[in-house]
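Top line first, the protein sequences correspond to chains A and B.
Quick note on numbering that gives the first Met the number 0: the first sequence kicks off at 0 and runs consecutively.
Quick note on numbering that gives the first Met the number 0: the second sequence kicks off at 0 and runs consecutively.
Built from N, CA and C at the ideal position, the CB exists for glycine as well.
Some notes on the structure that comes next.
2 protein chains.
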Amino acid sequence: MTFDVQVEVSLRPGISDPEGATIERALPALGFDGVSDVRVGKSIRFSIDADDRSTAESSVQSICEKFLSNPVIEDVSIVVSGQAEASDGSDS
Amino acid sequence: MTFDVQVEVSLRPGISDPEGATIERALPALGFDGVSDVRVGKSIRFSIDADDRSTAESSVQSICEKFLSNPVIEDVSIVVSGQAEASDGSDS
Chain A
0 MTFDVQVEVS LRPGISDPEG ATIERALPAL GFDGVSDVRV GKSIRFSIDA
50 DDRSTAESSV QSICEKFLSN PVIEDVSIVV SGQAEASDGS DS
Chain B
0 MTFDVQVEVS LRPGISDPEG ATIERALPAL GFDGVSDVRV GKSIRFSIDA
50 DDRSTAESSV QSICEKFLSN PVIEDVSIVV SGQAEASDGS DS
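Take a look at the structure:
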């Protein structure tokens, strides 16, 4: 079965975020006030083939820890959503 | 009132995504198979002060169009969630 995955990689609280700080500093000059606490992270979406949802979730967890994030400075949030298509023998 | 905002900026379908392609090519060599359609975007979170939710949503829409994304090649999805804290006169 194929599952849709969304991974959000964000800097941990306390880690300096220069990109977010630059956005926050620029917005008032463009006429947008009242914006604070800007944090910029990465959003990674993909599809993964797995036998069931829990296998998919543990694979994604492992991919995130080993490859997509730096656990020292980054947090990861993972959403595995319903199967995108059946690939276990059914034709439709 | 203060609202929490999450903005996801992703490349439009059909726009080449070299970062996603590199991840997809690297994963099998690391022992992770079955991953496809990798797309990398940005996730931007911030707080915004506004009188009500619809004002907040229209401000965020405008910030995204003018500043955070390039509408020619990028799509934006916006989530404005419940107020983070009261700032309209109540003390708590």
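Margin query: Taking only three categories from DSSP, how would you classify Ser15/A?
Written below: Of the three classes helix, strand and coil, the one that applies to Ser15/A here is coil, per DSSP.
Check: Skipping 5 residues on each side, what residues in its chain have a beta carbon closer than 6 angstroms to that of Gly19/A?
Finding: Within the same chain, Gly19/A has close Cβ partners Val37, Arg38, Val39.
Next item on the list: Examine the Cβ distances between the stretch 64-84 of chain B and the stretch 20-36 of chain B and report whether three or more of them are shorter than 8 angstroms.
Entry: In short, these stretches do not touch, since the Cβ pair count stays below three.
Margin query: Looking only at its chain, what residues have a beta carbon closer than 7 angstroms to the beta carbon of Thr52/A, apart from the 5 residues adjacent to it on each side?
Written below: The question names Thr, yet the displayed sequence has Arg at residue 52/A. Cβ neighbours of Arg52/A within its own chain (closer than 7 angstroms, five residues either side excluded): Phe2, Val79.
Margin query: Rounded to whole angstroms, what is the Cα-Cα separation between Gly88/B and Met0/B?
Written below: Note that Gly88/B has pLDDT 44, beneath the 50 cutoff, so the model's placement of it is unreliable and the number below is only indicative. The alpha-carbon of Gly88/B is positioned some 10 angstroms away from that of Met0/B.
Check: What did DSSP end up calling Val71/B once you bin it into helix, strand or coil?
Finding: Val71/B falls in the coil class under three-state DSSP.
Check: Just how far apart, CA to CA, sit Val75/B and Arg11/A?
Finding: Distance between the alpha carbons of Val75/B and Arg11/A: 24 angstroms.
Notebook entry, point to check: What's the C-alpha gap between Ile22/B and Asp50/A?
Noted result: If you take the alpha carbons of Ile22/B and Asp50/A, they lie about 22 angstroms apart.
Check: Helix, strand or coil: how does DSSP classify Phe2/A here?
Finding: In this structure, Phe2/A counts as strand in the three-state DSSP scheme.
Checklist line | Helix, strand or coil at Phe31/B [DSSP, three-state] | finding: The answer is coil: DSSP assigns Phe31/B none of H, G, I, E or B.
Item checked: Cβ shell of Pro17/A (< 8 angstroms), same chain only, five flanking positions each side left out -> Non-local C-beta neighbours of Pro17/A in its own chain, meaning closer than 8 angstroms and more than five positions away in sequence, are absent.
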